[in-house]
Amino acid sequence: MKIYVLNGPNLNMLGIREPDQYGTANYNDLVKKIKTHCKNKGIKVVTFQSNHEGDLVDAIQLAYLKNADGIVINPGAYTHTSIAILDAVKAVSIPCVEVHISKVEEREDFRQVSFIRSACQKTITGKGLDGYIEAIDFLAENYKD
Ligand code: DQA
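With the numbering used here, letter number 118 in the sequence shown gets 177, and the count goes up by one each step, no holes.
In structure tokens:
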């Protein structure tokens, strides 16, 4: 099984940005946690972060070209604005899980919209970095070879 884990804008600032919302671990800690978990489970994983919407669209299309079996995506603020990222996930038809480190449903009104949600099999919020692990496990459990 091969999974792409994609992170959007400002997630490279983990550990620095709003630690009360996002915790003190940095992006490298997140990547290490994901890679260790996937290695233990025998899952191939590709991690990618970008601050640019089009690069995230390209990464979703690349997941398709590379025959990925699942996508875990935290689109950051593009969650609330990007139809292009929604369209990309719909275009590739790869099972997708939306992850948010913070509990978005308890935050500002503008965070209550998620364009990508309708194209995702599951949404995980407010579980910190563990949310990514839960997303990977969900995709693995539902994986049909
Ligand atoms: C976030 C929540 C978004 O509203 C915010 O713009 C982010 C991070 C989260 O992981 O909780 O950048 O996706």
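We put the beta carbon where it would ideally sit given N, CA and C, even for glycine. Computed from a predicted structure; not experimentally measured.
Distance cut-off 7 Å: residue i Cβ against heavy atoms of the ligand DQA
| i | result |
| --- | --- |
| His139 | yes |
| Val156 | no |
| Asn99 | no |
| Ile175 | no |
| Gly82 | no |
| Asn85 | no |
| Gly135 | yes |
| Ile160 | yes |
| Val172 | no |
Sequence-distant residues of the same chain with beta carbon closer than 6 Å to residue i, five excluded per side
| i | result |
| --- | --- |
| Ala127 | Lys61, Tyr63 and Ile153 |
| Lys125 | none |
| Val172 | His139 |
Alpha-carbon spacing of residue i relative to residue j, whole angstroms
| i | j | result |
| --- | --- | --- |
| Ala122 | Asp114 | 12 Å |
| Asp88 | Asp204 | 30 Å |
| Asn188 | Met72 | Checking the sequence, you will find Leu at residue 188 rather than Asn. Cα to Cα, the separation comes out at about 14 Å. |
| Lys91 | Glu167 | 30 Å |
Same chain only: Cβ atoms within 7 Å of residue i, ignoring 5 sequence neighbours per side
| i | result |
| --- | --- |
| Leu70 | Tyr86, Gln108, Asn133 and Gly135 |
| His96 | Ile192 and Ile195 |
Residues that residue i bridges to, as DSSP identifies them
| i | result |
| --- | --- |
| Cys155 | Ile130 |
| Gln108 | Asn66 |
Cutoff 8 Å; reference residue i; Cβ partners in own chain excluding five residues on either side
| i | result |
| --- | --- |
| Thr83 | Gly74 |
| Val105 | Lys61, Ile62, Tyr63, Val64, Ala122, Lys125 and Ala127 |
Next item on the list: Only counting runs of 4 or more residues, tell me where the alpha helix (DSSP H) segments fall wholly within the segment 61-93, in order along the chain.
Entry: 78-81
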